[in-house]
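Q:
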């Protein structure tokens with residue numbers, strides 16, 4: 001589990017870490033929209049430079065980003081194969097037997113790869129620099145205006161923060177159940193189809209049973225401490241926007257505007 | 267004044283079996299009561315009924331003179347705090363600080379007042395050093411102390427421990443027992459603790475022994491835990507001091523019944539010098 | 542042949558910031574046919590130690606000899622499956638590993654995984670359930686409907702049905718009431734006496750160690766702090782005090798009596814012996 005970097009918080013002391021989660025989430029959204037404008041290679045170069053600056057400011061290492069990108073590579077290879085067979089436009093590059101490779105197949109894949117890389121850079125910067133709880137608070141605050149149209153923003157935030165709180169416990173629990181069933185001769189790596197189905201059942205059923213037990217305990221504990229969904233409550237953690245947060249938003253908005261301009265020009 | 271008063275309380279999870287069968291008892295304000303009984307005797311169900319987490323089938327529950335009904339559940343909940351068995355499943359916040367704040371947020375305590383309340387109550391359970399720790403970095407005993415602080419922060423009048431030490435290691439058990447004793451000595455809280463621990467029972471004022479959903483015995487720890495015949499009937503452990511006293515009697519040395527070893531040894535010394 | 546640990550080390554999350562050395566150069570010999578208690582504070586490495594016995598964890602350094610097999614650091618263990626059948630490991634709160642539709646199916650699951658034919662596995666399951674004292678009318682029920690104590694017994698039967706030569710139990714009585722604890726410990730004692738199983742019990746409860754175990758291994762900070770007979774370990778309370786352990790009642794009683802001026806022999810190990818000695822002294826004075 002130690003190898004997963006996508007979405008993991010890295011406790012460092014950097015200006016990006018100190019920013020208001022709301023500013024960071026909004027900034028990320030603006031940047032993600034910007035990526036989807038066909039602003040050409042110049043546009044992508046600018047966005048790449050901006051994302052790289054953010055990563056440097058956040059004191060994150062390039063290998064960390066690379067590790068987050070790695071799982072995406074399988075997808076890209078798959079995409080390249082599909083494109084190779086179905087995209088027959090652009091200049092023919094080379095021919096093997098009856099099969100010809102066209103330039104657009106390469107360009108299309110590269111195009112998506114660049115977008116994907118940018119998305120991973122931006123989202124990873126957000127998740128690596130924002131504590132899960134702060135993220136939840138940020139989401140809650142940003143969703144607040146939608147409360148008027150019936151979005152249960154507080155419940156959503158509570159749901160996310162509890163999920164985040166219990167993920168490490170559930171991972172521990174899973175590992176314990178795996179070990180317990182391995183001790184009973186379960187082989188998770190090999191075996192016939194029916195054996196593997198049983199092996200998976202022997203993990204999933206206990207995991208569900210224990211998750212439900214946990215949920216019941218938790219519901220009791222929350223209720224006993226006066227939690228009632230939908231009721232008014234105060235909040236301990238208060239978020240505050242400062243100068244640097246506004247600068248971030250302005251920069252991101254400017255980048256989006258730039259991308260729109262670039263894409264309209266071409 | 268009677269802080270808890272239960273009259274003819276009955277409850278069942280399903281129709282096949284009555285879990286709590288027509289029990290009545292009362293608990294004095296500021297007292298420390300323990301509830302004992304083997305697993306399945308209905309101990310934890312009583313705790314959940316008192317906290318309004320389960321709905322009684324019949325009977326009456328009064329807390330601080332107020333009857334527990336669906337209508338005044340919120341009011342009752344602010345009177346009563348409960349610490350559960352599993353240290354992991356009641357830690358709601360992502361840090362100690364946030365967890366103590368959780369109850370305050372629910373009770374709409376204004377934000378500027380929260381820090382002081384959090385600090386005071388963390389200090390009461392000696393967790394000040396750990397305020398910014400995440401639960402994964404705490405021991406079971408520390409998590410239970412946080413749970414106690416979280417409950418204390420809401421200024422309850424009644425504190426219930428539902429087997430709060432049973433999943434802890436010996437260090438953790440000790441920590442929690444010390445905290446409970448200190449709270450009993452230093453505050454006017456009414457404490458109700460469900461436990462298997464004979465040492466904890468010995469430090470309480472009053473014991474209620476449950477068996478098959480009924481009250482089998484009730485009295486001082488000494489009264490309950492020297493009634494050997496009844497203890498055996500309801501499948502409870504006999505304190506070592508009592509077993510030893512019986513062994514001595516078989517060898518011809520008669521002493522009073524004791525539930526603590528210290529008490530027994532003291533008497534032996536007295537009879538020793540008197541003789 | 543004893544179970545032997547030679548220079549065994551184990552590190553969790555090696556090479557990450559969370560790296561944690563759980564076992565450090567452990568040398569240990571556990572006798573066959575005995576009940577050995579493994580004690581130590583939470584986080585001392587007890588559980589890590591016992592999980593090496595059926596190769597759930599592999600040594601990072603050193604080797605382990607167990608039942609004519611050798612597990613060496615850096616090598617893939619051979620015959621892993623047969624080792625897991627011969628060394629039955631029961632985790633803490635084992636009731637959370639139950640998953641089958643019926644009790645009998647769940648208990649037969651283990652033996653079936655080790656290649657025992659269906660009909661024999663069911664026979665073994667019935668025997669194991671009888672051993673743990675579960676009434677036959679519950680065999681066809683869902684394990685999830687049972688009470689906590691019954692679930693625990695079904696889970697332990699699931700390991701017993703594998704007919705292991707070595708039985709390893711991680712805090713088997715945690716959360717049980719006094720009566721449940723006694724019946725559980727008596728079961729292990731019986732398995733040891735009548736079926737000559739080698740048993741290891743990880744526990745915090747000194748009463749159990751004192752009453753049911755032959756040997757005691759003390760783990761501290763990933764190393765073996767002490768390994769000796771239970772009689773020697775509890776000859777007085779000095780070892781316990783040194784290791785910050787609350788001694789069993791009888792030993793505490795002996796201490797209190799000594800402090801009060803009674804002469805108590807180190808070799809007294811039962812309540813009647815102690816009572817005789819004290820009664821004699823009380824009468825002499827009188």
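Chains as they are written, first to last, in the working numbering: chain L, 1 to 266; chain G, 267 to 541; chain F, 542 to 827. The beta-carbon is built from N, C-alpha and C at its ideal position, and this holds for glycine as well.
#1: Suppose the cutoff is 7 angstroms on Cβ atoms and the five residues either side in sequence are ignored; what does the same chain contact list for residue 250 of chain L look like?
#2: Which residues in chain G have a C-beta closer than 8 angstroms to the C-beta of residue 251 of chain L? List them in chain order.
#3: In chain order, what are the residue ranges of uninterrupted alpha helix (DSSP H) at least 4 long that sit wholly in the stretch 385 to 438 of chain G?
#4: Check whether the Cβ of residue 40 of chain L sits closer than 6 angstroms to any heavy atom of the ligand SAH, and report yes or no.
#5: Taking 7 angstroms as the CB-CB limit, is residue 138 of chain L close to chain G?
#6: May I ask you to list, following chain order, the residues of the stretch 601 to 624 of chain F that have a beta carbon less than 8 angstroms from some beta carbon of chain L?
#7: If you drop the 5 nearest sequence neighbours on each side, which residues of the same chain put their C-beta closer than 8 angstroms to that of residue 659 of chain F?
#8: Give the interface partners of residue 373 of chain G over in chain L, defined as CB-CB distance under 9 angstroms, in chain order.
#9: Answer with yes or no whether the minimum CB distance from residue 317 of chain G to chain L is below 7 angstroms.
#10: Please state whether DSSP places residue 238 of chain L in a helix, a strand or coil.
#11: Got a sec: which bits of the stretch 149 to 167 of chain L sit with their beta carbon under 8 angstroms from any beta carbon on chain G, in order along the chain?
#12: Please confirm if residue 436 of chain G has its CB atom under 7 angstroms from at least one CB of chain F.
#13: I'd like to know whether the C-beta of residue 310 of chain G is nearer than 7 angstroms to at least one C-beta of chain F.
#14: When the cut-off is 7 angstroms and only beta carbons count, does residue 787 of chain F lie next to chain G?
#15: Since residue 214 of chain L meets chain C, which of its residues come closer than 9 angstroms, beta carbon to beta carbon?
#16: Quick one: is residue 470 of chain G buried, meaning 16 or more other Cβ sit within 10 Å of its Cβ, or exposed?
#17: Does the beta carbon of residue 40 of chain L come closer than 7 angstroms to any beta carbon on chain F?
#18: Please say whether residue 137 of chain L and residue 237 of chain L have beta carbons closer to each other than 7 angstroms?
#19: If I measure Cβ to Cβ from residue 181 of chain L and keep anything under 6 angstroms in the same chain, skipping five residues before and after, which residues do I get?
#20: Run through the DSSP bridge pairs and tell me what residue 711 of chain F is partnered with.
#21: Quick one: using the 10 Å Cβ neighbour count with 16 as the cut-off for buried, is residue 402 of chain G buried or exposed?
#22: Mind listing the chain F neighbours of residue 61 of chain L? Cutoff is C-beta to C-beta under 8 angstroms, in chain order.
#23: Run down chain F in chain order and give the residues with a C-beta less than 7 angstroms from the C-beta of residue 175 of chain L.
#24: Residue 629 of chain F lies in the beta strand (DSSP E); which residues open and close that run?
#25: Determine, using beta carbons only, whether residue 221 of chain L and residue 350 of chain G come nearer to each other than 7 angstroms.
#26: Would you grab the beta carbon distance between residue 124 of chain L and residue 65 of chain L for me? Rounded to a whole angstrom, and I think it's under 8 angstroms.
#27: Name the one or two DSSP bridge partners that residue 610 of chain F has.
#28: Determine the chain G residues that contact residue 820 of chain F at a beta-carbon separation under 8 angstroms, and present them in chain order.
#29: Give me the DSSP bridge partner(s) of residue 485 of chain G.
#30: Distance cutoff 7 angstroms, beta carbons only. Does residue 2 of chain L sit that close to anything in chain G?
#31: Determine, using beta carbons only, whether residue 523 of chain G comes closer than 7 angstroms to chain L.
#32: Chain L beta carbons: is any one of them nearer than 7 angstroms to that of residue 306 of chain G?
#33: So, at 8 angstroms on beta carbons, what are the nonlocal neighbours of residue 485 of chain G in its own chain, with the 5 sequence-adjacent residues on each side left out?
#34: Between which two residues does the beta strand (DSSP E) carrying residue 102 of chain L extend?
#35: Which chain L residues are close to residue 368 of chain G, counting only those with a beta carbon under 7 angstroms from its beta carbon?
#36: What is the DSSP secondary structure of residue 279 of chain G, counted as helix, strand or coil?
A: On the basis of the coordinates in this document:
#1: none
#2: Under the 8 angstroms cutoff, chain G gives no residues; its nearest Cβ is about 30 angstroms from residue 251 of chain L.
#3: 406 to 418
#4: For the structure depicted, the ligand SAH is absent and the ligand set is empty, with no information on it obtainable.
#5: Taking Cβ atoms only, chain G never reaches closer than 7 angstroms to residue 138 of chain L, which makes this a no.
#6: 622
#7: Taking C-beta separations shorter than 8 angstroms and ignoring five residues to either side along the sequence, the partners of residue 659 of chain F in its chain run 649, 653, following chain order.
#8: 225, 226, 233, 234
#9: yes
#10: Note: residue 238 of chain L maps to coil in three-state DSSP.
#11: 161, 162, 164, 165
#12: yes
#13: no
#14: True, the Cβ-Cβ gap to chain G drops below 7 angstroms.
#15: The question asks about chain C, but that chain is absent: this structure's protein chains are L, G and F.
#16: buried
#17: no
#18: yes
#19: 202
#20: F/743
#21: exposed
#22: Neighbours of residue 61 of chain L on chain F: none; closest Cβ ~13 angstroms, over 8 angstroms.
#23: Those within 7 angstroms of residue 175 of chain L in chain F number zero; the least Cβ separation is about 10 angstroms.
#24: 628 to 631
#25: A contact, by the Cβ cut-off of 7 angstroms.
#26: 6 angstroms
#27: F/607
#28: 514, 517, 518, 519
#29: Looking at the DSSP assignment, residue 485 of chain G forms a beta bridge with G/473.
#30: The predicted model places residue 2 of chain L with a pLDDT of 45, which falls under 50 and marks its position as unreliable, so this point remains unresolved.
#31: no
#32: no
#33: A distance below 8 angstroms between beta-carbons, with the five flanking residues on each side excluded, links residue 485 of chain G to the following residues of its chain, in chain order: 472, 473.
#34: 99 to 102
#35: 225
#36: coil
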